[in-house]
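The listed protein sequences correspond, in order, to chains A and B. Position one of the first sequence corresponds to residue 1 (UniProt numbering), numbered consecutively onward. Position one of the second sequence corresponds to residue 1 (UniProt numbering), numbered consecutively onward. The beta-carbon is built from N, C-alpha and C at its ideal position, and this holds for glycine as well. Just so we're clear, the structure is a prediction, and the values are computed from it rather than from any experiment.
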Amino acid sequence: MKFKYPSRGTAPMDSNPACRRGAPATEDKRIRTPLEDAVVEDLRSGDRVLVSGVIYAARDSAHKRLVELLDRGEELPVDLKGQIIYYVGPAPARPGRVIGSAGPTTSGRMDPYTPRLIAATGLKGMIGKGYRSSEVKKALVDHKAVYFAAVGGAGALIARCIKRAEVIAYPDLGPEALHLLEVEDLPVTVINDCYGGDLYTEALARYSIKEVPELPLGKDPALS
Amino acid sequence: MTRIITCDEITRAVADLCREANYYLGKDVRGALEGALAREVSPQGKDVLNQLLENAAIAAAEEVPICQDTGVAVVFLELGQEVQVQGGYLYDAINAGVRQGYTEGYLRKSMVYPPLDGRNTGDNTPAIIHTEIVPGDKLTITVAPKGGGSENMSAAVMLAPAAGIRGVKEFVLETVKKAGPNPCPPLIVGVGIGGNFEKCALLAKKALLRPLGEPHPLEGIAALERDLLESINCLGIGPGGFGGRITALAVHVEIFARHIASLPVAVNIQCHAARHKSITL
């Protein structure tokens, strides 16, 4: 089967300051929580980043409860100003271990809650995997925040970067409880930056092959 | 002649399979990831593939799950018609094995009941069990834990027969494209063609159990698998969705006869953590 690979470097450029969006990972950037605006401003879609410090693990049900507290005007169990939420529901720890496998879950399920959390708490970052809604991307630009992806399915590898794990709220939710995690050099990639850069879109522009080879639509005994 | 298999044996076997399937990534998948690493041109894609291989090695060495989403316990039974199960009810024995395997194996419990506004059942039961009665006096058990992230990106459609092979291809590509980075590519794409509404979904799921690198025995279907794989890998999604040539490691198609009025097609998306282990008792 013959098809053409496009030449490298076809990612679209625009006047956006994120001029190296979608570029291959070069040197890792190191960041430590809590994040100041200047740190977020330095991150561009496609950057590989090592995160250290305290981050918070929360997913579906914990998000629902956090936003319900905001709706009622009550205080959250944790101050999220400048912080990062990691979308993860870890596996249980073996005895003597800090945590079980702890890779990212699909972020899109948190989209209905995220813009509200960012606006109300000063949350600066999220780690997960997969697409975000346009509302979330707008919130990142409006409030200078960033969305990272960790490698989905690399839960055992990621667990090695987690040095401390504590349930700080909602223990009844089991794997969905709100956890505090202390991480060291957790490897993530910037997907959506605070300038509107979007690695997933840029990646498709760079690597998709428009001339999809034509199928030989010969006789198929099983389908005809 | 009947052969007796006890519920205790079955429970023990299922518990072991739950642990093994979750800790040890199959040799076929590891081989496919290594092959993908050699072909991937995107640096970020290569980085993801390297992390996945390293992750599999860590999981096996430390006996921790490859992925924290240790999934719904999907259990396939091929029950010989000459087997008699003693000491209780077969499905209770399977669920006891899941309970034991997930609890003692430090695997995540992800089942919630009732489905709307329910609570975690606490032991990852109930399993989803598919039983096939086959000739003979053996019982083959396959445990295939299935994560939520990739399952959520799966889809089925009832095409008109006139849509033909082109319609099938378009639906598969559209499903993979729409899924994008969400189901943790590189993927294994299971496709069921034919049967009826529920049959095509089961075919798609069973397609995921076939070892990677093993084409469908019918040449026409094997050709469709190759073509679909090539088209999927033109999408550019790449490992992790970070861009690249390797969006899928394999496409497996299974087929069944269909009604004259329908062409059902199901696409079951599987992430690289393609877990399934079998035993024959």
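Subject >> Nearest neighbour of Leu76 (chain A), chosen from A:Gly196, A:Ala58 and A:Tyr87 [CA to CA] >> reply: A:Ala58
Original post:
Between the region 43-51 of chain B and the region 128-140 of chain B, do three or more beta carbon pairs fall short of 8 angstroms?
Top reply: no
Original post:
From Pro264 (chain B) to Thr175 (chain B), what does the alpha carbon distance come to, in whole angstroms?
Top reply: 15 angstroms
Original post:
Can you tell which of A:Tyr147, A:Thr189 and A:Pro104 has the C-alpha that lies nearest to the C-alpha of Pro175 (chain A)?
Top reply: A:Pro104
**OP:** Look up Thr131 (chain B) in the DSSP assignment and give the residues it is bridged to.
**Re:** B:Leu77
Subject >> Straight-line gap, Leu116 (chain B) to Glu198 (chain B) (C-alpha atoms, nearest Å) >> reply: 22 angstroms
Original post:
With DSSP run on the structure shown, which of helix, strand or coil describes residue 283 (chain B)?
Top reply: For chain B, the structure presents residues 1 to 281; residue 283 (chain B) sits outside this window and is missing.
Subject >> Environment of Val151 (chain A) [buried if 16+ CB atoms lie within 10 Å] >> reply: buried
Original post:
In chain order, what residues of the same chain lie with their CB nearer than 7 angstroms to the CB of Ile31 (chain A), ignoring the 5 residues before and after it?
Top reply: Val39, Val49 and Val51
Original post:
Among A:Lys124, A:Tyr170, A:Arg160 and A:Ser134, which residue has its Cα nearest to the Cα of Glu41 (chain A)?
Top reply: A:Lys124
**OP:** If I'm right that Ile58 (chain B) touches Arg160 (chain A) with Cβ under 8 angstroms, what's the distance once you round it to whole angstroms?
**Re:** 7 angstroms
Subject >> Cutoff 7 angstroms: Gly152 (chain A) Cβ touching any chain B Cβ >> reply: yes
Subject >> Under 9 angstroms from the C-beta of Ser42 (chain B): neighbouring residues of chain A >> reply: Pro24, Ala203, Arg206 and Tyr207
**OP:** Would you decide whether Gln51 (chain B) is buried or exposed? Buried here means 16 or more other CB atoms lie within 10 Å of its CB.
**Re:** buried
**OP:** Residues of the region 126-141 of chain A with a CB closer than 9 angstroms to any CB of chain B: list them in chain order, please.
**Re:** Lys129, Gly130 and Tyr131
**OP:** At 8 angstroms on the CB atoms, spell out the chain B contacts of Thr189 (chain A), in chain order.
**Re:** Gln44, Gly240 and Phe242
**OP:** Within 10 angstroms of the Cβ of Asp227 (chain B), are there 16 or more other Cβ atoms? Answer buried if so, exposed if not.
**Re:** buried
Subject >> Whole-number beta carbon distance between Val168 (chain B) and Ile193 (chain B), since they are thought to touch under 8 angstroms >> reply: 6 angstroms
Subject >> Any chain B beta carbon closer than 7 angstroms to Ser61 (chain A) >> reply: no
Subject >> Contacts that Tyr106 (chain B) makes with chain A (C-beta to C-beta distance below 8 angstroms) >> reply: Ala91, Pro92, Ala93, Arg94 and Gly100
**OP:** Just the chain B side, please: which residues come within less than 9 angstroms of Val88 (chain A) by C-beta, in chain order?
**Re:** Gln68
Original post:
In whole angstroms, what separates the C-alpha of Ala163 (chain B) from that of Ala261 (chain B)?
Top reply: 12 angstroms
Original post:
Can you tell me where the alpha helix (DSSP H) with Gln44 (chain B) in it begins and where it stops?
Top reply: Pro43 to Glu62
Original post:
Under the three-state reduction of DSSP, which class applies to Glu40 (chain B): helix, strand or coil?
Top reply: coil
**OP:** Report the residue from A:Arg97, A:Ala145 and A:Leu199 whose alpha carbon sits nearest the alpha carbon of Leu80 (chain A).
**Re:** A:Ala145
Original post:
If you measure from the beta carbon of Pro175 (chain A) to each beta carbon in chain B, is any gap under 7 angstroms?
Top reply: yes
**OP:** Look at residue 298 (chain B) and Ala222 (chain B) and say whether their C-beta atoms are less than 7 angstroms apart.
**Re:** Residue 298 (chain B) is absent from the model: chain B starts at 1 and stops at 281.
Original post:
Would a C-beta distance cut-off of 7 angstroms place Leu139 (chain B) and Leu79 (chain B) closer than the cut-off?
Top reply: yes
Original post:
Beta carbon of Val98 (chain A), beta carbon of Ile55 (chain A): below 7 angstroms?
Top reply: no
Original post:
Nearest chain B C-beta to Ala57 (chain A) closer than 7 angstroms, yes or no?
Top reply: no
Original post:
With a cut-off of 7 angstroms, does the C-beta of Arg21 (chain A) fall near any C-beta of chain B?
Top reply: Any answer about Arg21 (chain A) is weak, because its pLDDT of 38 lies below 50 and its placement is not dependable; what the coordinates show is given next. No, its Cβ sits nowhere closer than 7 angstroms to a Cβ of chain B.
Original post:
Which value, in whole angstroms, describes the spacing of the CA atoms of Gly238 (chain B) and Ile84 (chain A)?
Top reply: 26 angstroms
Original post:
Tell me, which residues are paired with residue 344 (chain B) by DSSP?
Top reply: For chain B, the structure presents residues 1 to 281; residue 344 (chain B) sits outside this window and is missing.
Original post:
Is there a Cβ from chain B that is less than 7 angstroms from the Cβ of Thr106 (chain A)?
Top reply: yes
Original post:
Are Pro186 (chain B) and Gly71 (chain B) touching if we call contact CB-CB under 7 angstroms?
Top reply: no
Subject >> is_contact[Ala156 (chain A), chain B] using C-beta, thresh 7 angstroms >> reply: yes
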